[in-house]
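*Asks:*
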Amino acid sequence: MLGELEQVVMLAVLRVGEEAYGVPIRGEIARHGGRELTLATVYKTLGRLEDKGLVESYEGEPTAQRGGRRKRFYHVTPAGKRELKQSVGALRRMASGLDLGWES
Amino acid sequence: MSRVSSTPPALALFLLRTMLPASQAESFVGDLLETYADDCTTRGPARARWRLWRETLAALVVVRPRRLGITPQLATGDSTMRIFCGDLLHGARLLRRAPAFTALAVLTLGLGVGATTAIYSVAAPTLLHSVPYVQSDRLVMVWERDGHGGKNNLGWLTFADIARSARTLQRVAAVGNWQVTLSGGNDPERVQGSRVSWTYFRVLGVTPALGRDFTESEDRPGSNSVVMLSHGLWQRRYAGDSSIVGRAIDIDGAPYTVAGVLPASFEDVISTQSRIYRVLGYGPSLSYACRSCRQLRAIGRVAPNATLAQVDAELDGISAMLVKEYPTEYPASGAFVVPMQREVTRAVRPVVLALLGAVTLVLLIACANVANLQLARAMRRSDEFAIRTALGASRSRLARQLLAEGLLLAVLGGVAGVFVAWLAVPALASRLPDDFPRLASVRLDLGAFGATAVVTLLVGVLIGLVPVWHWGRRSPGAALRSGARQVGPSRLVARGGLVVAEVALALMLLVGAGLLSRSLLRLLSVDPGIDASNVLTMQVQATGRAYATNEAVFANHERVRDAVRALPGVEGVATANQLPLGGNTDMYGVQALDKPLANPELAPSADRYAVSTDFMRTMRIPVIQGRGFTESDDRDSAAKVAVVSAALAQRIWGSESPIGKQVQVGGSSAPWRTVIGVAGNVRHHGLDEDRTLQIYVPERQWLFSDDAVALVVRTHADPSLLAPAVRRAVQGVDPTQPIIRLESMQHVITDSTAQRRLALLLFGAFAVIAATLAAAGIYGVLSGMVAERTREIGVRSALGATPGDILKLVLSRGATLAGIGLLVGLVGALALGRFLQSLLFAVSPADPLTLAIVAAMLGFIALMACAIPARRAVRVDPMTALRAD
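Just so you know, the sequences run in chain order A and B. With numbering that gives the first Met the number 0, letter number 80 in the first sequence gets 79, and the count goes up by one each step, no holes. With numbering that gives the first Met the number 0, letter number 489 in the second sequence gets 488, and the count goes up by one each step, no holes.
(1) Cutting at 7 Å between CB atoms, please list the residues of its own chain near Leu702/B, excluding the five before and the five after it.
(2) Counting only Cβ pairs nearer than 9 Å, list the residues of chain A close to Leu14/B.
(3) Ordered along the chain, which non-local residues of its own chain (more than five positions away) have a Cβ less than 7 Å from that of Val15/A?
(4) Candidates Val589/B, His89/B and Asp593/B: which alpha carbon is nearest Asp606/B's?
(5) With a threshold of 8 Å on Cβ separation, who are the neighbours of Gly356/B within its own chain once the five nearest residues in sequence on each side are excluded?
(6) Nearest-angstrom Cα distance between Leu443/B and Ala114/B?
(7) In the DSSP assignment, the beta strand (DSSP E) including Ser56/A goes from what residue to what residue?
(8) Along the beta strand (DSSP E) that carries Phe72/A, what are the first and last residues, could you check?
(9) Would you tell me roughly how many angstroms separate the C-alpha atoms of Ser811/B and Glu54/B, rounded to the nearest one?
(10) Cβ atoms of Leu156/B and Pro8/B: under 8 Å apart, would you say?
(11) Examine the Cβ distances between the segment 20 to 35 of chain B and the segment 66 to 76 of chain A and report whether three or more of them are shorter than 8 Å.
(12) Name the chain B residues that come within less than 9 Å of Leu48/A, Cβ to Cβ?
(13) Near Leu93/B, what residues of its chain come up, given a Cβ to Cβ distance below 8 Å and the 5 sequence neighbours on each side ignored?
(14) May I have the straight-line CA-CA distance separating Ala845/B from Arg690/B, to the nearest angstrom?
(15) Quick check: is the beta carbon of Thr6/B nearer than 8 Å to any beta carbon in chain A?
(16) Report the three-state DSSP secondary structure of Ser1/B (helix, strand or coil).
(17) Check whether the Cβ atoms of Leu504/B and Gly299/B lie closer than 8 Å to each other.
(18) Am I right that Ala122/B and Val336/B are in contact with their C-beta atoms under 8 Å? What's the rounded C-beta distance?
(19) So what's Ile620/B in DSSP terms, helix, strand or just coil?
(20) Hey, could you find the ends of the beta strand (DSSP E) Ile275/B is sitting in?
(21) At a Cβ cut of 8 Å, what residues of the segment 34 to 61 of chain A count as close to chain B, listed as they run along the chain?
(22) Please check if any C-beta of chain A sits within less than 8 Å of the C-beta of Leu31/B.
(23) Within 8 Å (strictly less), CB to CB, does Thr17/B reach chain A?
(24) With a threshold of 8 Å between beta-carbons, can Ala47/B be considered close to chain A, or not?
(25) Between Arg626/B and Ile675/B, which are expected to be in contact by the criterion C-beta below 8 Å, what is the C-beta distance as a whole number of angstroms?
(26) Report the three-state DSSP secondary structure of Glu655/B (helix, strand or coil).
(27) Under 8 Å between C-beta atoms, does Tyr73/A make it to chain B?
(28) Note down the Cα distance separating Ile243/B from Val257/B, rounded to an integer number of angstroms.
(29) Got a sec, what are the start and stop residues for the beta strand (DSSP E) Ser604/B sits in?
(30) Go ahead and pull the three-state DSSP assignment for Gln234/B.
(31) Give the interface partners of Ala11/B over in chain A, defined as CB-CB distance under 8 Å, in chain order.
(32) Leaving out the 5 sequence neighbours to the left and right, which residues in its chain are closer than 8 Å to Ile738/B when beta-carbon positions are compared?
(33) For the segment 543 to 559 of chain B against the segment 703 to 710 of chain B, do three or more pairs of beta-carbon atoms, one drawn from each stretch, fall closer than 8 Å, so that the two count as touching?
(34) Which whole-angstrom value describes the C-beta separation of Gly416/B and Val767/B, a residue pair presumed to lie in contact below a C-beta threshold of 8 Å?
(35) Could you tell me which of Val681/B, Gly252/B, Asn583/B and Lys660/B sits nearest to Trp671/B, measuring between CA atoms?
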């Protein structure tokens, strides 16, 4: 079972798509998840997910921007997608039929 | 992506680079920088920096432990390491569970480490590092001997002779003062510069970053309109435009060719404020190149294989020959060199050393305090250790546990210290006087921090081991039986000793602060000889093509005075070539007709004041005898007159009246003048300097016109209120002339004591920290004692001891500790006083009043620190205390 933070970060990685590295992932969470995480939290969560084999990362080529520092890109593995589907599905099932005032 | 010039805080990036695992650092820092750049454009640099710091701290907290291996899953590997990591982890948990203790200890250590690092950072460029040139140990300053065995500047002819004949000096160079106005464009700017011989940068071993160095052929009269720019000036005024090299720029209304730009790393330690250099271009025919025109300082590079003694011997020989040839041009025979490093730091050495000493005391007190805290805490944990020993833990195992805690505290304190130093160093640098040597190189010194960090780690070990030393002596059974309520005598001695040390060290610092403040008070009560209240001063000038003649300059000064005099609220206006305590040195020999000297160089030197008619009236310098100047004196055609200071009159004529005597100022070709009056003495060079002599002449009667003069304005009310109006009035006369140093005379005097003020401020701050820590130490020991002896106190009061007895029991312990500390501190203060000697003014290092006041004050603070534990002891309820076990 995934933690809530892990779900949010994985969803953000999926939403950003190909260009998923620290800054846009955090931005996505801020825009759609409504919360300002620190980069450190994002990285720590990504590290944990990587340890579990749910996301993978690779380093991009150095560019002239960011003082020549490389970006680390993340994408969700098939195992990660499975896990996420399960977690989110479970949440959905649990919530269905309850009137929490969000369907109106 | 838009570029924003604001650079991210380097310290944050440094921390991240060193603390984060390499695999994460690059992408993480990259992300942070990207965010920072975005924030700069969307939210502004302040918000961006704030976020960057928050992110950095978060990263250090969240990410770092994974690398250090504190988390259990990573603490595998060899078993010693694992146990140590376990100890660290356990220690960290314990520290987190005692937040008050941890915060206090970390704060104390942080203050000590931070203050020490900051002061060492300021001291390092002056005391530890050599001057920033190649083979700097061979660089010297060359001086002529003056009539009193001191050092003197050189006239150009003497410099040229030395340059020609000295073999032990590979190369010499001369440097003189040069103040210019960068005209051109609509923003005239006054800049401090130097005139240097063509060899100057070659002696220092500096090559221009752009363009070329001066050439020998340029160093001649008529071909010397060539300048070199400092990197800073080039960046600021010329926007780093490299096409400036070879072009002409406008200086004082005339064109000068820019030969080159100096490297950014170049720091001029001889004229610290020089931003522009002009080749000297003196020649034997120039009147101001004469041997007695001592305007130049000389530097040299000692030849390989030559020793300083050999250089001195050769220079003495050259000087002896010159004196023989020109006996009336030198006050004494001899010339000598001083290593450049020693020369440039000489003035501040005593104050820097004193501050280093003081801050070291603060660090010691901080360490003693934390050791004390840890000892108290360890006593309360006697139970824990007794049980662990009983369960089979070896003594070394416990020692390692305590060691880990001590180290952890030391590291946290060190981190806090970096932060304190990082804040303190720029604050300190901005308060240093502008002429502080090597000011440009003052920055957070990693070496200093390293040294302090090592000390702190050692202290960490000590802090950890002090408690171990105590348990070593007790069998676990005894410890368990006693219920940890009894206190072994050795422990009391250790804690008492720490408190005594703290009080003693604090007293020494307080005595230092007390002596310095008494010195400053004494100094400020010295009569400067002028009335500085309600006087506004500034420098005004008349340079450029429009002011080619003396008359044009004088006319401008007069127009300025008239314009300011017309303002409401102005009582009097005057100009003079220099101000008392303004930091100028402009002295001339004064010869009396009726007291002829065989060697005119032995004539007394006096500060030359070329003044407008009203100067003495405006400054309220009293005319003691005769009369002051009138309008009719201030004409070129008028009979030449002078006013002498009382000390100058006394020096030349003794008790004879000087009125009507003839004097000659400024060399044997200068006109003879009639002394018409005697003025009160003025402190010209500093309130704490020896008195100098003054001679006043009307400005139009002087040998030349001074194009930059000090304007003094006496006002009816607060002079700062009138400052804008005065500035407008002066600007109205000629808007192309910059105005600088607009300040009250009171401020000029205060500025002349800037170094003392800073020393006092720092000493005072250290003393306050020290006294606070000492008070905390006494409080800690006594409250610990009351807590440990609650049962005993309960029994005593049950057996009939009065509150007075209990009070006496607690207070006598506190008073004994404080008393011994005060005694030791007094002895220490007397012993260390001589190191402060050179910073004191009219106060003895053993000043009894200061010692008494400071000791009484610290005694009172100690008594206050005893009050709370004493009250707690008196309130011990015998029944509760007895039932507790």
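Note that the Cβ used here is the ideal one computed from N, Cα and C, for glycine as well. Fair warning: this is a prediction, and the values are worked out from it, not measured in the lab.
*Replies:* Straight from the coordinates:
(1) Gly665 and Ala669
(2) Under the 9 Å cutoff, chain A gives no residues; its nearest Cβ is about 13 Å from Leu14/B.
(3) Pro23, Ile24 and Glu27
(4) Val589/B
(5) Leu831 and Phe834
(6) 11 Å
(7) Val54 to Glu58
(8) Arg71 to Val75
(9) 52 Å
(10) no
(11) yes
(12) Those do not exist, as Leu48/A stays about 14 Å from chain B at its closest Cβ, beyond 9 Å.
(13) Glu404
(14) 26 Å
(15) no
(16) Since pLDDT at Ser1/B reaches only 42, below the 50 mark, its modelled position is unreliable, and no value is offered.
(17) no
(18) 25 Å between Cβ atoms; not a contact.
(19) coil
(20) Ile275 to Val278
(21) Thr37, Leu38, Ala39, Thr40, Tyr42, Lys43, Gly46 and Glu58
(22) yes
(23) no
(24) no
(25) 6 Å
(26) coil
(27) no
(28) 7 Å
(29) Ser604 to Val610
(30) helix
(31) Under the 8 Å cutoff, chain A gives no residues; its nearest Cβ is about 13 Å from Ala11/B.
(32) Met537, Gln538, Val539, Arg726, Val729 and Gln730
(33) yes
(34) At roughly 18 Å, the Cβ-Cβ gap does not stay under 8 Å, so Gly416/B and Val767/B are not in contact.
(35) Lys660/B
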